[in-house]
Each structure stands twice: as structure tokens, then as C-alpha cells.
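> Heads up: the sequence shown begins at 3 in the numbering used here, then just goes up one per residue.
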Amino acid sequence: MVRMIEIKSPDEIDKMVECGRITRRVLDELGAAVRPGLSTLELDEMAESIIRAEGAEPAFKGYFGYPATICASINCEVVHGIPRRDKILREGDILSIDVGVRKLGFHGDAARTFPIGRISPEARRLMDACRASLEAGVAQAVANNRVEDISRAIQSVAEKAGFSVVREWVGHGVGRNLHEDPQIPNFVTGKKGPVLEPGMTLAIEPMVNEGTYKTEILEDRWTVVTVDRKLSAHFEDSILVTKNGPKVLT
Ligand code: MF3
Ligand code: CO
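1) My output table needs one value for K249: the three-state DSSP class, helix, strand or coil.
2) For the segment 148-155 against the segment 179-194, do three or more pairs of beta-carbon atoms, one drawn from each stretch, fall closer than 8 Å, so that the two count as touching?
3) Shorter than 7 Å, the distance from the beta carbon of D16 to the closest heavy atom of ligand 1, or not?
4) Say yes only if the C-beta of E238 is nearer than 7 Å to one or more non-hydrogen atoms of ligand 2, and no if none qualify.
5) Can you check the segment 153-213 for any beta strand (DSSP E) of at least 3 residues that lies completely inside it and give the ranges in chain order?
6) What's the C-alpha gap between M3 and P196?
7) Just to confirm, are F108 and E14 a CB contact at a threshold of 8 Å?
8) Measuring CB atoms only, is the segment 22-42 touching the segment 87-99, in the sense that at least three cross pairs come out at less than 8 Å?
9) Following the continuous alpha helix (DSSP H) through A138, name the residue where it begins and the one where it ends.
10) Compare the Cα-Cα distances from F66 to each of T228, I52 and R223 and report the closest residue.
11) Within the continuous beta strand (DSSP E) that includes E93, where are the two ends?
12) Run through the DSSP bridge pairs and tell me what I24 is partnered with.
13) Alpha helix (DSSP H) containing S51: first to last residue?
14) Rounded to whole angstroms, what's the CA-CA distance from A163 to A131? Just pull it up for me.
15) Give the DSSP-derived three-state secondary structure of F116 in the structure shown.
16) Hey, how far is the Cα of K216 from the Cα of K89?
17) What separation, rounded to the nearest whole angstrom, lies between the Cα atoms of D46 and P85?
18) With distance defined between alpha-carbon atoms, name the residue in A113, I53, G57 and G64 nearest to A74.
19) Cβ of E207 within 7 Å of any heavy atom in ligand 2?
20) Using alpha carbons as the reference points, say which of Y68, T244, M48 and G22 lies closest to A145.
21) Rounded to whole angstroms, how far is the Cβ of I241 from the Cβ of K232, which I believe are closer than 8 Å?
22) Could you give the distance in angstroms between the alpha-carbon of L204 and the alpha-carbon of I156?
23) Give the straight-line distance between the Cα atoms of S11 and G201, rounded to the nearest whole angstrom.
24) Within 10 Å of its beta-carbon, does P60 have 16 or more other beta-carbons around it, so buried, or fewer, so exposed?
25) Could you have a look at P60 and say whether DSSP puts it in helix, strand or coil?
26) If you reduce the DSSP assignment to three classes, tell me which class E221 lands in.
27) Considering S11, what are the terminal residues of the beta strand (DSSP E) in which it resides?
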């Protein structure tokens with residue numbers, strides 16, 4: 003099978019940088035706003051107004067029928083939690099916010115997990131391991147490496163900390179489309195994957211679980227949860243492969 007991974011031109015990279023800036027701004031502002039008592043729908047409304055004020059569009063809204071701007075996934079929810087007026091943040095929760103932005107024909111995609119007030123040491127350790135696994139993965143996003151080098155670094159950091167990495171959901175190329183080739187698993191599959199080249203833009207996104215890596219989808223047909231209902235964290239950045247190493251766009 004022939005894989006087409008688009009190499010972005012300098013002009014296209016400028017547009018990706020702009021999308022990345024807006025995506026990051028949304029996460030920074032939502033991260034500063036989260037507190038016990040807030041609903042995930044209020045966060046969604048904040049995100050949409052920031053994005054529209056930037057002259058951009060929420061990339062998730064309408065994507066396969068997804069109804070919102072952000073995914074807001076609490077505790078055992080892994081990804082794709084749908085914001086709701088009656089979903090209220092509580093002290094001790096961990097909340098992952100994932101957001102996608104479209105502008106000038108390109109996309110940014112990123113996620114962070116935030117603590118709500120004081121959280122348990124175990125929850126903190128999980129978040130830290132997930133973030134560290136993302137950083138290790140990004141560090142491998144260098145020209146002439148393969149996708150599997152990213153996967154291996156992520157898995158190794160997460161598992162050395164005593165956690166598991168989700169198998170069913172993976173990172174991806176990002177650019178003109180929210181999701182493009184290549185797929186970027188967060189674990190070693192045995193397939194080396196494509197060679198990385200300068201000008202590729204990738205969304206790297208480990209989901210790291212406290213217990214089993216196994217997940218299931220709730221009856222709303224979106225929300226992904228851990229099968230054992232233990233905690234899950236999610237960090238994601240959109241990055242550009244350059245000849246001088248990875249550049250984080252978000
Ligand atoms: N979690 C997905 C990603 O980061 C995005 C959610 S897609 C949507 O790639 F369907 F929710 F829009
Ligand atoms: Co993504």
C-alpha cells in the first residue's frame with residue numbers, strides 16, 4: 003500500500019504555526035479557568051468563542067457528527083468525552099481537554115490533562131508520566147527516524163512508570179485534514195512505519211492508564227472509558243519535523 007504523507011511547504015508551515023498558536027491558546031485559557039463547580043459545557047463555550055474570535059473554526063464540531071468544540075474527558079474517561087451542562091468538575095478530578103482548530107485550510111490538534119483542585123499523588127504521577135511519555139515521543143520525531151521510534155519511546159516511559167498505554171486510539175498526521183497518514187501508535191506494533199522527513203506535521207498523543215490499557219465506548223457512542231474504570235490521562239501536541247529536530251506547534 004502506498005502511503006502519501008504530505009510534506010508541507012514553508013507557506014503551509016506558516017499556516018500550521020498559526021493553527022498551532024490558536025490551539026495552544028485555547029488550552030492555556032481553559033487550563034487557567036478550570037475549577038470545581040464549572041461544567042464541561044461552559045469550557046466548550048469558552049473554547050468556541052476563543053476560536054471564532056481568532057477567525058478560526060472548531061475542527062471537531064461536525065467531525066463524524068461530533069457535537070462539540072472540545073472533548074472533555076474526566077477521570078476514567080480516556081478521550082472523546084462530550085461536554086455537558088450537567089457534567090460538573092469536582093475537586094480531585096483529572097480532566098483532559100482535547101481541541102482541534104481549523105484556519106487557512108489547515109489544522110492544529112492538542113490536548114492536556116488538568117488537575118481540578120487537589121488531586122491524589124497517584125493521579126499526579128499518572129499525569130506526569132503521560133506528559134513525559136509525550137515529550138519522549140516528540141524527541142524521537144527527527145528526520146530519518148521511523149514512526150515506531152516515537153511509539154517505542156512513549157511506551158517505554160509510560161510502562162517504566164508502572165502504567166499502560168491505550169492501544170485502540172493512536173496519534174496521526176495533521177495538516178489539511180485533522181487526521182492524515184501516518185498513524186502513530188503509542189506502543190510498538192512490530193511495524194516500523196514510515197521514515198520521518200522534514201516538513202511532516204504530526205499529532206502525537208499518548209493516552210496513559212492507571213490500570214488496564216483496555217477501553218470501551220459508552221452508550222453515547224463517543225465517550226471512551228477504561229474497562230476497569232481506573233484513571234486515564236491524555237497529552238497531545240502537533241509538531242513539525244525539521245532538519246534540526248522536532249518543533250512543537252502547540
Ligand atoms: N481525540 C482526537 C484526536 O486528537 C480528536 C477527536 S475527534 C472528534 O485526534 F471526533 F472528536 F472530533
Ligand atoms: Co489528535
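A virtual CB, placed ideally from N, CA and C, is assigned to each residue, including glycine.
For this structure:
1) Position 247 of the sequence shown, counted from the first residue, corresponds to residue 249. Residue state, collapsed to three classes: strand.
2) yes
3) The residue labelled residue 16 in the question sits at position 14 within the sequence shown. D16 Cβ: outside cutoff for every heavy atom of ligand 1.
4) In the sequence shown, counting from the first residue as 1, residue 238 sits at position 236. Yes.
5) 173-175, 182-186, 203-206 and 209-211
6) Taking the sequence shown and counting its residues from 1, one reaches residue 3 at position 1. Taking the sequence shown and counting its residues from 1, one reaches residue 196 at position 194. Annotation note: pLDDT 48 at M3 (below 50); position unreliable, no value reported.
7) As a first step, residue 108 is located in the sequence shown; it is residue number 106 there, counting from the start. As a first step, residue 14 is located in the sequence shown; it is residue number 12 there, counting from the start. Less than 8 Å divides the Cβ of F108 from the Cβ of E14.
8) Proximity of the segment 22-42 to the segment 87-99 meets the contact definition, three or more beta-carbon pairs being nearer than 8 Å.
9) Against the sequence shown, residue 138 aligns to sequence position 136. Element bounds for A138: P123 to A141.
10) The residue labelled residue 66 in the question sits at position 64 within the sequence shown. Comparing Cα positions, the closest option is R223.
11) Residue numbering aside, residue 93 sits at position 91 when the sequence shown is read from its first letter. Looking at the DSSP string, E93 is not in any beta strand (DSSP E), and its letter there is neither H nor E.
12) The residue given as residue 24 occupies position 22 in the sequence shown. Paired residue(s): none; I24 is not in a bridge.
13) If you number the sequence shown from 1, residue 51 lands on position 49. S51 -> alpha helix (DSSP H) spans T42 to A55.
14) Against the sequence shown, residue 163 aligns to sequence position 161. Against the sequence shown, residue 131 aligns to sequence position 129. Taking the Cα positions, A163 is about 7 Å away from A131.
15) Sequence index remark: in the sequence shown, residue 116 carries index 114 (1-based). Strand.
16) One-based indexing of the sequence shown puts residue 216 at position 214. One-based indexing of the sequence shown puts residue 89 at position 87. Cα to Cα, K216 sits roughly 24 Å from K89.
17) As a first step, residue 46 must be located in the sequence shown, where it is residue number 44. As a first step, residue 85 must be located in the sequence shown, where it is residue number 83. Straight-line Cα distance between these residues: approximately 6 Å.
18) Working through the sequence shown from its first residue, we reach residue 74 at position 72. The candidate whose alpha carbon is nearest that of A74 is A113.
19) Taking the sequence shown and counting its residues from 1, one reaches residue 207 at position 205. Using a cutoff of 7 Å, the CB of E207 counts as near ligand 2, since one of the ligand's heavy atoms is closer than that.
20) Within the sequence shown, numbered from 1, the residue matching residue 145 stands at position 143. That would be T244, whose Cα lies nearest to the Cα of A145.
21) Here the question's residue 241 lines up with position 239 in the sequence shown. Here the question's residue 232 lines up with position 230 in the sequence shown. 29 Å between Cβ atoms; not a contact.
22) For the purposes of this step, residue 204 is taken as the residue at position 202 of the sequence shown. For the purposes of this step, residue 156 is taken as the residue at position 154 of the sequence shown. Looking at the two C-alpha atoms, the distance is approximately 15 Å.
23) The residue given as residue 11 occupies position 9 in the sequence shown. The residue given as residue 201 occupies position 199 in the sequence shown. Straight-line Cα distance between these residues: approximately 7 Å.
24) Within the sequence shown, residue 60 is the residue found at index 58, counting from 1. Flag for P60 reads buried.
25) Within the sequence shown, numbered from 1, the residue matching residue 60 stands at position 58. In the three-state reduction of the DSSP assignment, P60 falls in the strand class, which pools E and B.
26) Translated into the one-based positions of the sequence shown, residue 221 becomes position 219. E221 falls in the coil class under three-state DSSP.
27) Position 9 of the sequence shown, counted from the first residue, corresponds to residue 11. Element bounds for S11: n/a, residue is neither H nor E.
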